[in-house]
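Notes to accompany the following structure.
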Amino acid sequence: MADCIFCMLANHDIPTSVVYEDDEMFCFKDADPQAPVHVLLIPKKHIECLDDLKEEDAPLVGRMMLKIQDIAKNLGLENGYRVVSNNGEDAFQTVKHLHFHILGKRKMTWPPG
Ligand code: 5GP
Ligand code: ZN
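Heads up: the sequence shown at position 49 corresponds to 49 in my numbering, and the numbers run straight through without jumps.
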């Protein structure tokens, strides 16, 4: 999608700190980290949010969920981490391209804000 910042990052139109990449997903450091480790995992395919997932996206999302454990290990998150996906206005989703925040290296609180 031409005017989507995350599509631009995944296409390497804009340089960023790449953490992991393959044919269908892209992981990079968040520009405004909320924890000592804060990366975002996105599908390369433009999907706006969780609500826009289709049945055909299930294998892609399944592989993304499985990839998180590898990414977390490579980032040294053996003591735990949090995965967050903000969906829509009430959740304060600011970028309309599906993404999973992976946060770690600090104690998280609950409930989230
Ligand atoms: P949301 O609020 O939509 O769940 O999260 C969007 C995240 O994307 C935020 O944590 C924000 O810091 C991050 N972000 C927004 N624009 C950019 C960018 O251009 N580069 C990077 N690396 N992160 C971005
Ligand atoms: Zn996009």
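Every residue, glycine too, gets a C-beta built ideally from N, C-alpha and C.
Just so we're clear, the structure is a prediction, and the values are computed from it rather than from any experiment.
Nearest neighbour of residue i, chosen from the options [CA to CA]
i	options	result
residue 70	12, 10, 6 and 21	21
residue 112	86, 96 and 24	86
residue 73	49, 102 and 48	102
residue 24	64, 12, 49 and 4	64
residue 48	110, 108, 94 and 109	94
Beta-carbon gap between residue i and residue j smaller than 8 Å
i	j	result
residue 92	residue 42	no
residue 46	residue 8	no
residue 106	residue 31	no
residue 51	residue 88	yes
residue 37	residue 66	no
residue 99	residue 60	no
residue 28	residue 44	no
residue 83	residue 68	yes
Simplified DSSP state of residue i, which is helix, strand or coil
i	result
residue 108	coil
residue 59	helix
residue 27	strand
residue 100	strand
residue 41	strand
For the pair the segment 52–62 and the segment 12–21, tell me if three or more CB-CB distances fall below 8 Å. no
For the ligand ZN, which residues count as neighbours when the test is a C-beta closer than 7 Å to any heavy atom? 1, 4, 6, 7, 46 and 97
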